[in-house]
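Under our numbering, think of the first position of the sequence shown as 1, with each following residue one higher. In what follows, a structure is listed as structure tokens, so that the remarks can point back to it.
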Amino acid sequence: MRAELKVKNMNRLAKLILYSFQIALILSITACLQNKELREMEAKVAAEYAQEQKGAEPIIKQPQDQNMIRTPEGANALDLETPLRCNVNWETQQMILSLPYIKSAFKLERNGKNDALPRFEVTGFSFDMMPAEQALVRLTKEADIRISSADGPYTSISAQDLKGEFSEVVKMITESAGIYYTYNAKDKILTLSRRVNMTLFTPHSRPIILGLLDVIRGAGITDIVVNWSEYSISFDADVELQEKITDLIKIFENSPTLIAYDVSVFRLYPYDMMRDVEWKELLNAFDFGTITTAQTGVIGRVLTTTNDITVEKLRKFLGTQANIETVSEGKFVVPNAWLARFDIGKCSLPGADPYGMSILAKATLEKGNEIFTDMTVEVTDGQVTKFNIRNKLGENFLIIGMPNELFGINSPKSETIIFMVPRLIRTVKTNEPIKNKLK
Numbered sequence: 001m002r003a004e005l006k007v008k009n010m011n012r013l014a015k016l017i018l019y020s021f022q023i024a025l026i027l028s029i030t031a032c033l034q035n036k037e038l039r040e041m042e043a044k045v046a047a048e049y050a051q052e053q054k055g056a057e058p059i060i061k062q063p064q065d066q067n068m069i070r071t072p073e074g075a076n077a078l079d080l081e082t083p084l085r086c087n088v089n090w091e092t093q094q095m096i097l098s099l100p101y102i103k104s105a106f107k108l109e110r111n112g113k114n115d116a117l118p119r120f121e122v123t124g125f126s127f128d129m130m131p132a133e134q135a136l137v138r139l140t141k142e143a144d145i146r147i148s149s150a151d152g153p154y155t156s157i158s159a160q161d162l163k164g165e166f167s168e169v170v171k172m173i174t175e176s177a178g179i180y181y182t183y184n185a186k187d188k189i190l191t192l193s194r195r196v197n198m199t200l201f202t203p204h205s206r207p208i209i210l211g212l213l214d215v216i217r218g219a220g221i222t223d224i225v226v227n228w229s230e231y232s233i234s235f236d237a238d239v240e241l242q243e244k245i246t247d248l249i250k251i252f253e254n255s256p257t258l259i260a261y262d263v264s265v266f267r268l269y270p271y272d273m274m275r276d277v278e279w280k281e282l283l284n285a286f287d288f289g290t291i292t293t294a295q296t297g298v299i300g301r302v303l304t305t306t307n308d309i310t311v312e313k314l315r316k317f318l319g320t321q322a323n324i325e326t327v328s329e330g331k332f333v334v335p336n337a338w339l340a341r342f343d344i345g346k347c348s349l350p351g352a353d354p355y356g357m358s359i360l361a362k363a364t365l366e367k368g369n370e371i372f373t374d375m376t377v378e379v380t381d382g383q384v385t386k387f388n389i390r391n392k393l394g395e396n397f398l399i400i401g402m403p404n405e406l407f408g409i410n411s412p413k414s415e416t417i418i419f420m421v422p423r424l425i426r427t428v429k430t431n432e433p434i435k436n437k438l439k
């Protein structure tokens, strides 16, 4: 019995020694690895320091994930429109400007290569409520043409007994579905898409091209390339936008009137952070009748005023109550009865965060030089406020009472102000050289 107990104790002792050896071995290996990593890190730091001391090029590191890298703000801030759009002469306000232009300078062209389709006759081609791409697959099967569509499926349409040349039938089907086609004759591929790249060539007139740019942006198109040497605008368009631009070009056949708005946006930070700006003091600072109307919107209010209230006088009045921070000053142009968009950030000052603010305006010139403006203020997150404003030429309007909290600024009692002066640009068709000037 004692012998068995002695053997069991010896076995336990052996296991204990084995476990202790394994633990010591693991700790030793871990320490070696840690020491190795530490030595490698020290060697790397020493190498970088040595190269810096020698004036050598810094060690090239692996590039970051491209999805995490952004174009520097300094590069994004470059905008070729700035000298025209962000230059407002508040001292000399010309209410009506006559603008000559050459009508024949307008031209809308589609970009990219589009080969001619094969020539053969189609007879008795019919289909019933079929997506356009499927109908074209049936139509082009005998011609051994493949169909490619990146943004399908498209509208389902029907047709009975289509006849005519192959290209005409393809055109009828694509136009009915509101899509475009591009044909590659070498590879015999017909590519379908909802949008294509187009270029609009305009008269060499700055107010006209600014107005067209603002209309295109009002349609929600922001990816625009402008060539200022040839006065052209390139953009991606669907069928609906192409029709709008075509209609706008037709309007210029009748010498339309353009409505230009000079805009100043600034923020107010009251000296007394517990009190609002006292706008009722305007009634004491200016003669009765200077403010002609006051209208309440979703948020804020809009005042129409006579020209007795200028930007300079308004800032002088507000300077007694608050610090004034200029956010942006610029101009935009609206063809009569069209919708245009002005992005405040295009003319924002360095350090002033425009917070994605935009002004959308649809303006109509009525009898007696009265201007009716349907105006919306938006930010990236959506609509802030909306007004329907009626004023006469020579009257300005002022939007007040938009809390800065709407624009991501945590400052109680502070607000954002928009001051706007509408002007008229009367266009006149001519064959004379155009004065390329925008006041």
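Every residue gets a Cβ at the ideal spot worked out from N, C-alpha and C, and that includes glycine.
Please name the residue, chosen from Thr430, Leu136, Pro203, Thr191, that lies closest to Phe106 on a Cα-to-Cα basis.
Pro203
Secondary structure, alpha helix (DSSP H): runs of 4+ residues fully inside the segment 235-285:
The qualifying runs are 239-251, 282-285.
Mind reading off the beta-carbon distance from Ile371 to Asn388? Whole number of angstroms is fine, and I expect it under 8 Å.
Incorrect: roughly 12 Å between the Cβ atoms, too far for contact.
So what does Asp374 bridge to, in DSSP terms?
Lys362, Asn388
In its own chain, which residues sit with a C-beta less than 8 Å from the C-beta of Asn431, not counting the 5 before and 5 after it?
The residues are Ile102.
Own chain residues within Cβ distance below 7 Å of Ser411, not counting five before or after
Tyr269, Asn404
Mind checking Leu200: buried by the 16 CB within 10 Å criterion, or exposed?
By the neighbour-count definition (other C-beta atoms within 10 Å, threshold 16), Leu200 is a buried residue.
My output table needs one value for Leu78: the three-state DSSP class, helix, strand or coil.
coil
Opposing strand residues paired with Thr293 [DSSP bridges]:
Looking at the DSSP output, Thr293 sits in a beta bridge with Thr304.
Here's the rule: buried if 16 or more other CB atoms are within 10 angstroms of the residue's CB, otherwise exposed. What is Met273?
Label assigned to Met273: exposed.
Looking only at DSSP bridge pairs, what is Ala340 linked to?
Ala361
Taking all protein chains shown into account, do 16 or more other C-beta atoms lie within 10 angstroms of the C-beta of Asn323, making it buried, or fewer, making it exposed?
exposed
Helix, strand or coil at Leu33 according to DSSP, with G and I counted as helix:
For Leu33, the pLDDT reaches just 46, beneath the cut-off of 50, and the residue's location in the model is therefore unreliable, leaving the point undetermined.
What are the boundary residues of the alpha helix (DSSP H) that Met172 is part of?
166-177
Are the segment 358-368 and the segment 90-99 touching, with three or more C-beta to C-beta distances below 8 Å?
no
Let me make sure I understand the geometry here. Which of Thr174, Gln321, Val239 has the alpha-carbon closest to that of Glu498?
Any answer about residue 498 is impossible in this case: the structure gives the chain only from 1 up to 439.
I need the straight-line Cα distance from Gly300 to Thr385, nearest angstrom please.
7 Å
Using a Cβ-Cβ cut-off of 6 Å (strictly less than) and excluding sequence neighbours within five positions of Gly152, which residues of its own chain qualify?
Glu133
I'd like to know whether the C-beta atoms of Ser264 and Val311 end up nearer to each other than 8 Å.
yes
Are three or more beta carbon pairs between the segment 209-217 and the segment 162-170 nearer than 8 Å?
no
Can you say whether Tyr183 is buried or exposed, counting buried as having 16 or more other CB atoms within 10 angstroms of its CB?
buried
Excluding the 5 residues flanking Phe455 on each side, which residues of the same chain have their C-beta closer than 7 Å to its C-beta?
Summary: the structure shown does not reach residue 455, with the chain confined to residues 1 through 439, and so no result is reported for it.
If I follow the unbroken alpha helix (DSSP H) through Phe317, where does it start and stop?
311-318
Looking at the strands, I want to know which residues DSSP matches up with Asn184.
Ile189
Excluding sequence positions up to five away, which residues of its chain have a Cβ less than 7 Å from the Cβ of Glu42?
In this prediction, Glu42 has a pLDDT of 48, which is less than 50 and means its spatial position is unreliable; what the coordinates show is noted afterwards. Nothing listed; no residue qualifies.
Asn307 classed as buried or exposed, judged by whether at least 16 other C-beta atoms fall within 10 angstroms:
exposed
Where DSSP assigns a beta bridge to Val428, which residues make up the other side?
Pro100
Environment of Leu154 [buried if 16+ CB atoms lie within 10 Å]
In the sequence as displayed, the identity of residue 154 is Tyr instead of Leu. It counts as buried.
Helix, strand or coil: which one does DSSP assign to Ile299?
coil
Quick one: what's Ile221 bridged to in DSSP?
Ile221 pairs with nothing; no bridge assigned.
List the residues that DSSP assigns as beta-bridge partners of Lys107.
Phe201
Using only the alpha-carbon positions, how far apart do Met357 and Arg341 sit?
11 Å
CB contact flag (Ala237, Val333, <8 Å)
no
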